[in-house]
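For the sequence shown, the working numbering assigns the number 357 to the initial residue and increments by one for each residue that follows.
Every residue gets a Cβ at the ideal spot worked out from N, C-alpha and C, and that includes glycine.
Since the structure comes first, as structure tokens, the remarks are kept for the end.
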Amino acid sequence: WHRERQVRERERERGREGERRMSAVQSLNTAARRRLSSVSSMSSMSSMTSSPSIAGDRDLPTVCLSLSEISMALLQFRLFFSAGLVKLGGARCWREGTCVDNFLQNQQAPNEFSWYISTYAPLPMKMAGQFFVMPVAEVILPWLLLGVIFTVGPLRALRRWLASRSWTVKQLTRFPVRFFGAALVCLLLMLLFLSGNFGYLHLVCLVPVLACLSTDRDIPPPRSGGVYTTVVPWIVLGLLTFAFLPSFKAYAWMLHGSEYTGTFLEPLMDSQPIRLAEDMSLGIPYYRQKFFSHPYAKQNIWVLSAQVDGDWVELDVPFKAGRPDRRPAWVGPFFPRFGVSWWYLSQGQAFFRSSELEETIADPAWMIAFMDLLCRGQATAWSFVDAEPLGGRQTKAQRVAVQLYNYKFAPPGSEAWWMRQSYGNVSWPVLGTTRLERACDTRVPQTR
């Protein structure tokens with residue numbers, strides 16, 4: 357019994373010693389945490405006093421991310437959805453899936469890739485490509501880009517609440533709709549860039565699409581406080597509204613053929629701020645042009661020629677359809693403005709509905725003046741054409757003429773890229789005739 361009592365006392369002593377050691381360790385840990393918290397608070401106070409920062413600056417990246425994504429999504433939605441609405445209300449072939457063939461052959465500056473697609477691709481493949489363009493890419497996909505509005509603000513809270521109530525909604529919210537829509541739109545822009553010489557148009561349109569390639573499903577709201585987090589967002593949203601409101605007239609016209617926006621919005625559309633925004637070209641000024649809603653019926657091109665020593669010699673303008681054996685040029689992302697201007701002029705004023713375009717693009721005064729400069733032997737004017745067939749006889753030009761031709765892609769296996777047929781000398785809009793000649797006065801001195 358005595359030995360058992362001694363064993364129990366030793367065990368109790370060991371237990372009390374362990375408790376004392378554990379208490380000492382806990383007190384040491386508590387002291388260490390207190391010292392660390394005091395050091396961190398002192399360092400934060402010193403940084404706040406040493407650097408002139410504004411409260412809430414830590415939330416500025418979140419605010420900029422939200423506003424930039426919303427603005428880019430709205431811009432891309434306006435570009436593509438308006439283009440789709442114009443086509444839906446335009447030519448019948450957009451709804452039947454037969455416009456793509458005319459587009460490839462009769463666009464303003466076809467390239468070699470356009471010839472191969474138009475010549476070798478079967479009709480079902482072309483119709484499938486047009487279905488991808490319209491209505492998928494230009495009517496349906498723009499709505500997916502607006503998924504960014506469900507990541508911020510009250511719609512973010514609504515999305516999270518619905519996801520907590522329904523497993524199906526939760527799984528749908530996990531799908532990256534913005535990334536999916538933006539990736540397909542990027543594919544469309546690259547295909548359009550490859551299928552024609554449209555300059556840097558599609559590359560510029562690609563910028564806001566890249567901003568929509570985000571998989572973030574939950575952007576937390578910024579904490580209150582600070583100038584940037586309270587004032588700047590309202591300023592940016594106000595500028596976005598100012599830039600977007602003029603487009604309501606365009607959407608009203610595309611939907612029901614009139615710019616009347618209704619009793620509620622019409623006073624706002626006639627207000628001075630909206631007129632100021634329209635003067636700054638912040639709306640969609642091109643929605644009435646046939647260029648965007650109708651296919652190009654024919655590839656009519658003016659061909660330039662000069663008479664030297666009694667022989668007529670055809671003069672090619674770079675990056676424009678000319679001799680049938682000349683390969684279609686590929687100049688993107690550059691834009692051959694002078695060569696494309698000949699195509700615009702051949703379409704005539706009836707092709708454009710904007711008075712500004714009628715006065716500039718469809719005005720033949722520049723071409724007549726250019727022919728006069730060639731007659732005078734001006735070196736700058738002759739540098740715009742391929743004068744190699746003349747063999748240096750530019751100064752001996754007796755007459756300069758333009759003739760209208762209709763161009764079509766040559767079939768596979770032929771030695772030429774184009775087939776063309778002259779319109780002869782008949783009445784034609786704009787110039788009044790399909791052939792125009794200017795006699796050169798050899799007594800006029802050469803100019804530079």
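Whole-number beta carbon distance between residue j and residue i, since they are thought to touch under 8 Å
i      : j      : result
LEU621 : PHE604 : 6 Å
ASP742 : LEU671 : 6 Å
LEU638 : PRO602 : 6 Å
ALA608 : THR617 : 5 Å
TYR761 : SER783 : TYR761 to SER783, Cβ: 16 Å. No contact.
THR475 : PRO767 : 7 Å
ALA555 : PHE675 : Inspection of the sequence shows that residue 555 is occupied by Gly rather than by Ala. With a Cβ gap of about 11 Å, GLY555 and PHE675 do not count as contacting.
ALA477 : LEU544 : With 8 Å as the limit, ALA477 and LEU544 do not qualify as a contact, their Cβ atoms being about 17 Å apart.
LEU559 : CYS542 : Wrong, their Cβ atoms sit about 11 Å apart, outside the cutoff.
TYR763 : ALA653 : About 12 Å; that fails the 8 Å criterion.
VAL669 : LEU746 : 6 Å
VAL673 : TRP699 : Contact flag wrong, Cβ pair sits at about 10 Å.
GLY485 : VAL456 : 6 Å
GLN759 : THR789 : In fact, because the Cβ distance is near 10 Å, the residues do not count as touching under 8 Å.
PHE737 : PHE726 : For clarity, residue 737 is Ala in the given sequence; the question names Phe instead. Yes, they are in contact, since the Cβ atoms of ALA737 and PHE726 sit about 6 Å apart, within 8 Å.
PRO491 : GLY440 : 6 Å
Limits of the unbroken beta strand (DSSP E) element including residue i
i      : result
TYR763 : 753-765
ASP667 : 667-671
ALA795 : 791-795
TRP774 : 774-778
Residue range of the alpha helix (DSSP H) that includes residue i
i      : result
LEU547 : 533-550
ILE724 : 721-731
MET610 : 603-612
GLU634 : 628-635
ALA465 : Where ALA465 is concerned, there is no enclosing alpha helix (DSSP H), given that its DSSP letter is neither H nor E.
ALA662 : Segment 655-664 is the beta strand (DSSP E) holding ALA662; no alpha helix (DSSP H) there.
GLY695 : 693-703
THR529 : 523-529
THR454 : Segment: none, THR454 is in no alpha helix (DSSP H) and carries neither H nor E.
PRO498 : 497-501
LEU557 : 557-567
GLU622 : 622-625
ALA685 : No alpha helix (DSSP H) contains ALA685, which DSSP labels as neither H nor E.
ALA447 : Where ALA447 is concerned, there is no enclosing alpha helix (DSSP H), given that its DSSP letter is neither H nor E.
TRP738 : 735-738
Identity of the residue in the options nearest residue i by Cα
i      : options                           : result
CYS796 : GLY733, PHE459 and LEU431         : GLY733
PHE600 : GLY618, HIS612 and MET625         : MET625
LEU776 : ARG366, ASN462, ALA753 and PHE436 : A quick correction: the sequence has Arg, not Leu, at residue 776. Out of ARG366, ASN462, ALA753 and PHE436, ASN462 has the C-alpha closest to the C-alpha of ARG776.
SER702 : VAL687, PRO689, MET723 and PHE690 : MET723
LEU792 : ARG755, PHE765, SER438 and VAL495 : ARG755
ILE591 : ASN781, LEU423 and GLU369         : LEU423
GLY695 : CYS731, ARG370, TRP658 and GLY440 : TRP658
MET610 : CYS449, MET428, GLN362 and SER438 : SER438
VAL565 : PRO623, MET428, GLU375 and SER697 : MET428
PRO785 : LEU441, VAL533, PRO720 and LEU730 : PRO720
LYS482 : PHE459, THR789 and ALA567         : PHE459
PHE740 : TRP471, PHE765, ASP667 and PRO692 : PRO692
ILE426 : SER520, ALA567, ARG372 and ARG794 : ALA567
TRP471 : TRP686, THR789, LEU787 and THR790 : TRP686
TRP450 : ILE473, GLY374, VAL489 and ARG631 : VAL489
PRO629 : LEU595, ARG794, SER614 and THR619 : LEU595
VAL533 : ALA735, ILE505 and SER522         : ILE505
ILE473 : ASN781, PHE765 and LEU787         : PHE765
GLY688 : LEU557, ARG370, ARG364 and ALA519 : LEU557
GLY780 : ASP667, ASN656, GLU744 and GLY666 : ASN656
> Is there contact here, the region 494-514 with the region 530-537, by at least three beta-carbon pairs under 8 Å?
Replying inline: yes
> Would you call the region 680-691 and the region 772-779 in contact, with 3 or more CB pairs under 8 Å?
Replying inline: yes
> Taking one C-beta from the region 467-477 and one from the region 549-566 each time, how about it: are there three or more such pairs within less than 8 Å?
Replying inline: yes
>> Three Cβ pairs or more, each shorter than 8 Å: is that satisfied between the region 656-663 and the region 520-535?
In response: no
> Hey, which unbroken runs of the alpha helix (DSSP H) at 4 residues or more fall wholly within the region 469-495?
Replying inline: 479-487
> Can you find at least 3 beta carbon pairs, one from the region 509-518 and one from the region 428-435, that sit closer than 8 Å?
Replying inline: no
> Does the region 443-459 touch the region 747-763, meaning 3 or more C-beta pairs lie closer than 8 Å?
Replying inline: no
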